[in-house]
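Trainee: Each protein sequence line maps, in turn, to chains C and W. Residues 1 to 586 (the numbering used here) make up the first sequence, in order. Residues 1001 to 1556 (the numbering used here) make up the second sequence, in order. Supplied in structure tokens, the structure appears directly below.
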Amino acid sequence: MLSDEKRNRFFQLLKESTKDEWVWMNGYLSAMMQPMPGTLSSIPSDVPSERVVPTTVTTSALTGGGSLQLTVVYGTETGNAKKLATSFVKKLKDAGHNVKLKNTETYKANEFDSEKNLIVIIATHGDGDPPASAKNFVESLKNRTPHFENLNFAVLGLGDTSYPLFCKTGEDVDSLLNNLGGNRIIPLGKCDLDIDTVAIPWFQSLVTSFGQVSISNGQTQNVQSVAKPTSNKRIVYQGKVSANIVLNDIGASKSTRHIEIITPQAIEYEPGDSAGFFPKNTTQDVNQILSLLKLGKEDRIVFANETWMAEDLLKNKVSIRNLPARVIQKYGDLVGKTIDLKNVDLDVLLTDYPLNQNTPSEKVFEILEQMVPRYYSIASSPKSHGENEIHLTVAEVDIETKLGKKEGLCSGYLSAFDEGEAVSFYIQKNPNFRLPPPDAHLIMIGPGTGIAPFRSFLWERDADGASGKNWLFFGERNFVSDFYYQSEFLQLMETGILQKLNAAFSRDTKQKVYVQDRMEENADELLNWIKDGAYIYVCGSKDPMSKDVEKRLLQILEKRTFETNQSTEDFLSTLEEAGRYKKDVY
Amino acid sequence: MSTPEKKETLAERVKRQSRGLRGTMIESLKDEHTGSLRSDDQLLLKFHGMYQQDDRDRREERTEKKLDRLHSFMIRLRIPGGMIGPVHWESLHNVAGENSTGTIKITTRQTVQLHGILKTQIKPTIKAFDQVFLDSIAACGDVNRNVTCTSNPTASPLHKEVFSYAGEISRNLLPKTRAYYEIWLDEKQLAEKEEPVDPLYKDIYLPRKFKIAIGIPPHNDVDVFTNDIGLIAIIENDELKGFNVAIGGGLGTTHGNTETYPRLATVIGYVPKKDILKVVYEIVTVQRDYGNREDRKLSRLKYTLDRVGVDFYKKEVEKRSEITFLPPKDFKFNTRTDEFGWMQDKAGNWHYTLFVENGRVLDEADYLLKTALLEVSKTRRAMFRFTCNQNLILSDILPKDKTLIESILDKYGITKKTLEASPIRKNSMACVALSTCPLALAEAQRYLPTLVDKIEGILMKYSLKNEPITIRMTGCPNGCARPYIAEIGLVGTAYGKYNLHLGADWEGTRLNQKFKDNLTEEQILNELDLLLGKFSKERNAKESFGDFIYKSGILK
């Protein structure tokens, strides 16, 4: 529309301006397009000397495109992408576009063919993986062969720069769409935890490229916060360990700890959330590696554009355990060998494939990545235990490596805390694992450390006076020594909060029993609860527990006498969609 | 004669509502969230011969770990007269190893106990015992308990006949309910209406425990006068004629409650043997009907007897049994202690009495008693008899098998241990107390052996090391190890503290008296040092320590 010269000046101006200045420009222009309330419908000759309040949407199509057909599809892990997408859709609708909001979870492969303008807002989970709900979406793009005839797209990724593969899924989807012949409207946006910083200008840029001048719907202040996700800016709490006890009785074959951390300020968390920790590497590992690399503790190493002392770097910053394939591969390149090891620790790698004599040790640090956080479901209830503490249930893990036994990194890190020692953590919200409504019945299946969020749930329900019935299935190795929080559950049974508690202890009998066996033994009652609208939550180990539990649940549901018009698999899916079947498994 | 208008105690309500001792036992066993039974069922369990216990040593730490108490169960077998065969012993050995702490505890009333059985292991334990026809019915609870009988096989050539009365009386007084078989052995329940009311126990059972013993003079190893009913076998011209009947024995007291006291049974008459079962039965029914059901501390037959009077009680028994008591016949008891080592009976068969310290059969680093006894049982060449002094007699060994059994006993050092243990140690008894008995105020079986070590030192000092003194210790005043009739009785009052009782006689016909309260070990040893010193200097030739103290006047 604009002449080249004007367009260049326009884009130059935008390039030189800050976000706030864009907002001002936007507002000014939109006001210029509008008749002022109570005046003649003519463009005022005065230059506005203060901010105005833009009102309704204008659909004047400077590009001549008019109302566009758009699909905004979100792939979310914690709910942020969905919130953002929903907010974008609202703005776009207000701007007069024909917008559909879709979820990657239910997005079918053939839907791509009917898209004209596809906006993808997609999170990256953990170490470069798509969220569970977006797995199929990404797969279907990977597997797709026919090119897109006429598809415009734009991708906004959500991620966490704590992880090396920051916004990888966003990158993947962006490049997949591009390689399949799509037209990129604007470049990929990559949001860190402070989503707004990138999301807002990105969206503005997107909208601008549609030819829209305004997408206002209210106060200028509102425009500033286009999307209103709760700020995901990480609050790091400085806490103190106030208790660290082994829950198992003497003679147990394993060790699981109950750890309490108190903080001076109130912690913002809900039952179902997790606490994130950055563990430190062990002195043993650190010294081993210093020795293998022939480095002194105070030798200077550059890592991620910062200078560190070697010991400090190894202890506090880099990830040296369970190295991912990409790092091992890079190391292989460094030593000029093909390395067949998987998930090894750095000390094993350096021992089996030592650096060549003339390769400086610093090179190793160029391929290492920074420490990744570990999460633990919170076992305390804010209402029952107060807002200034969190409780954790941490299983100590023994790992066999070529160089001997090691403890799990974060479980070892947390287990070693003495009472009174300082520890930092942050809250990882888990909006997909919340308490159901207070009057709903709740079935909880939480063997081992999977018990943690259910302890939180029960104590919260106790504080709330929730009327819904509660049924807990717990499992571990030995009854006399491994019945975590038993006395608390007995108390909750006595006060009528917990109606039923079934437990399976796999090593007490010759034939092993597990939680799913207890479920089956109580199949009739379980079906009654489900018929009455009960919610089913599973927490704990993913493999094999959650899979075995689901298999058995399906077998039990097969015998139901209600909702028999659906297949059992469909019935379970219906429950899942209704939020009545949830899993927090690892 | 029960008066329903009076307020019913918890125990009475639970018994009455138990539907023949069934309660909600089956549901309790299914509760997966706890190793405990529901509270009413804990009371009823006793009638099935078991107690619910917990490891008191672990209580504090388990609370910190948010774990329930470490609940476990004690099972006591019903073994009238205390004799089982080698097949039974082998089964006992295996069941103990499989389901309990492994230690087999010989009790002070001629049976055995296993401790530390988890709730999930109770049924397998009872089923295993059932395979060899052993049960635990009425070994505890407000019913007639194990019937004891003088265990010394050389006591009399008529021992076998006397012994048979123990079994008869036990069977006669068993509860008739099928509950035990339904709950533990999965017997199918008949419709409840079909089970007739128990003619003896009805639905109220007895007000309290009931103990019966048979003594064959001159052996009073059963401490016959400490029982609710004590029967003294009267043998004339090599024939068992009948029994002297004594009623009202019982030792339990409550610290600080002067309404409670130990009492020895009163001989009320003689009954020919053909009438004895009927008479025993009606003594029980009179206690059932007249016993105090409002205050369990005053429920034993001794209190009933003292309340209604001996004459009244005796007449009531005569009325109900339609048998008149004859004047009691003469008898004499000489001893209560076991005769250790080998002895041969009139038929030529051999018996070996071995010393088992506090009745505990287990394998320890340097003494593999349990292994030894298993080996003996596997020969199938000896019977196993428990004594009321917590010892074991390997009995009825044919002359040709004596060497075989002897070689096993020698191999494991049993002969040596029995030979070398001092008389005072061999005459020592202690109840279980800590860590499993919920009533224990102080240690008993875990402590007495070391105290005896120190007392032996004192005896040595006064050249008394071969003096056979009876010494008994309990962790609480219930007196399960009969401390009130020992020459030295120690009754726990608090951790590390005991009341010191002195002055019982040798034969078991005179109670001791409390000498001092709340003594620590040091104080106990000081007192005994003084008194044993006096004893060594001033005694008459054959005078027992108990008699010496009694006559000395210090017990005023």
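Think of the CB as a built atom: it goes at the ideal place given N, C-alpha and C, for glycine as much as any other residue. Computed from a prediction, not measured in an experiment: that's the story for all the values here.
To which residues of the same chain is E563(C) closer than 6 angstroms at the C-beta, ignoring the five residues directly before and after it?
Mentor: F571
Trainee: Would you kindly work out how many angstroms separate the C-alpha atoms of D1363(W) and E488(C), rounded to a whole number?
Mentor: 38 angstroms
Trainee: Take A1372(W) as the anchor and find which of K1411(W), D1401(W), G1359(W) and R1385(W) has the nearest alpha-carbon.
Mentor: K1411(W)
Trainee: Between Q566(C) and the rest of its own chain, which residues show a CB-CB distance below 6 angstroms, the 5 nearest in sequence each way excluded?
Mentor: None.
Trainee: Name, please, each residue of chain C whose Cβ falls closer than 7 angstroms to the Cβ of R1062(W).
Mentor: D249
Trainee: When you compare only the Cα positions, how much space is there between T1353(W) and L1045(W)?
Mentor: 34 angstroms
Trainee: Taking the C-alpha atoms as reference points, what is the distance between A1128(W) and A1179(W)?
Mentor: 18 angstroms
Trainee: Going residue by residue through the segment 1052-1090 of chain W, where are the continuous beta strand (DSSP E) segments of at least 3 residues, counting only ones entirely within it?
Mentor: 1071-1076
Trainee: Would you list the residues sitting across from R184(C) in a DSSP beta bridge?
Mentor: F153(C)
Trainee: Using a Cβ-Cβ cut-off of 8 angstroms, state whether S487(C) counts as contacting chain W.
Mentor: yes
Trainee: Does the pairing of the segment 1229-1237 of chain W with the segment 1479-1492 of chain W give three or more beta-carbon distances under 8 angstroms?
Mentor: no
Trainee: Whose C-beta lies closer than 7 angstroms to the C-beta of T351(C) among residues of the same chain, with five residues either side of it excluded?
Mentor: L292 and L403
Trainee: Report the three-state DSSP secondary structure of E77(C) (helix, strand or coil).
Mentor: coil
Trainee: Output needed for S225(C): all residues of its chain with C-beta closer than 8 angstroms, excluding positions within five of it in sequence on either side, in chain order.
Mentor: Unreliable positioning characterises S225(C) in this predicted model, as indicated by a pLDDT of 35, which lies under 50. The coordinate reading is nonetheless provided below. Taken in chain order, the residues that qualify are D196 and I200.
Trainee: Just to confirm my understanding: we take T1266(W), look at its own chain, exclude 5 residues before and 5 after, and list those with CB closer than 8 angstroms. What are they?
Mentor: A1246, I1247, G1248, L1305 and V1310
Trainee: In the structure shown, what three-state DSSP assignment does W471(C) receive?
Mentor: strand
Trainee: If you drop the 5 nearest sequence neighbours on each side, which residues of the same chain put their C-beta closer than 6 angstroms to that of L156(C)?
Mentor: I121, G189 and W202
Trainee: Can R1019(W) and G1049(W) be called in contact, C-beta distance under 8 angstroms?
Mentor: no
Trainee: Use the C-beta contact count for L1419(W): other C-beta atoms within 10 angstroms, 16 or more gives buried, fewer gives exposed.
Mentor: exposed
Trainee: Determine, using beta carbons only, whether K317(C) and Q370(C) come nearer to each other than 8 angstroms.
Mentor: yes
Trainee: Tell me which residue opens and which closes the beta strand (DSSP E) that V99(C) is part of.
Mentor: N98 to N103
Trainee: Under 8 angstroms between C-beta atoms, does M493(C) make it to chain W?
Mentor: yes
Trainee: Between which residues of its own chain and D1203(W) is the CB-CB distance below 6 angstroms, once the five residues before and five after are set aside?
Mentor: R1016
Trainee: Do you know how far the Cα of P1483(W) is from the Cα of T1108(W)?
Mentor: 11 angstroms
Trainee: Could you tell me whether the Cβ of I497(C) comes closer than 8 angstroms to any Cβ of chain W?
Mentor: no
Trainee: Return the residues of the segment 1062-1085 of chain W that lie within a Cβ-Cβ distance of less than 8 angstroms from chain C, sorted by chain order.
Mentor: Within the segment 1062-1085 of chain W, the residues whose Cβ lies closer than 8 angstroms to any Cβ of chain C are, in chain order, R1062, T1063, E1064, K1065, K1066, L1067, D1068 and L1070.
Trainee: Assuming the contact rule is C-beta atoms closer than 8 angstroms, L492(C) and L442(C) should be a hit. Round their C-beta distance to whole Å, please.
Mentor: No, L492(C) and L442(C) are not in contact; Cβ-Cβ is about 13 angstroms, not under 8 angstroms.
Trainee: Under 7 angstroms Cβ to Cβ from L346(C), same chain only, skipping five residues before and after it: list those, please.
Mentor: Taking L346(C) as the centre and dropping the five residues before and after it, the same chain places the C-beta of I289, I320 and L323 closer than 7 angstroms to its C-beta, in chain order.
Trainee: For V397(C), does the three-state DSSP call read helix, strand or coil?
Mentor: coil
Trainee: Heavy atom of the ligand NAD less than 7 angstroms from the Cβ of S487(C), yes or no?
Mentor: Ligands in the displayed structure: none, and consequently the ligand NAD is not present.
Trainee: How many angstroms separate the CA atom of S162(C) from the CA atom of D192(C)?
Mentor: Approximately 9 angstroms between the Cα atoms of the pair.
Trainee: In angstroms with no decimal places, state the Cα-to-Cα distance between N287(C) and V173(C).
Mentor: 42 angstroms
Trainee: Just the Cα atoms here: how many angstroms apart are S1156(W) and R1336(W)?
Mentor: Cα to Cα, S1156(W) sits roughly 15 angstroms from R1336(W).
Trainee: Taking only beta-carbon positions, decide if F483(C) is within less than 8 angstroms of chain W.
Mentor: Yes, F483(C) lies at the interface with chain W (some Cβ there is under 8 angstroms from its Cβ).
Trainee: Along chain W, which residues have their Cβ under 7 angstroms away from the Cβ of I245(C)?
Mentor: E1064 and K1065
Trainee: Spell out a yes or no on whether the segment 396-413 of chain C and the segment 247-259 of chain C are touching, meaning 3 or more CB-CB pairs, one atom from each, closer than 8 angstroms.
Mentor: yes
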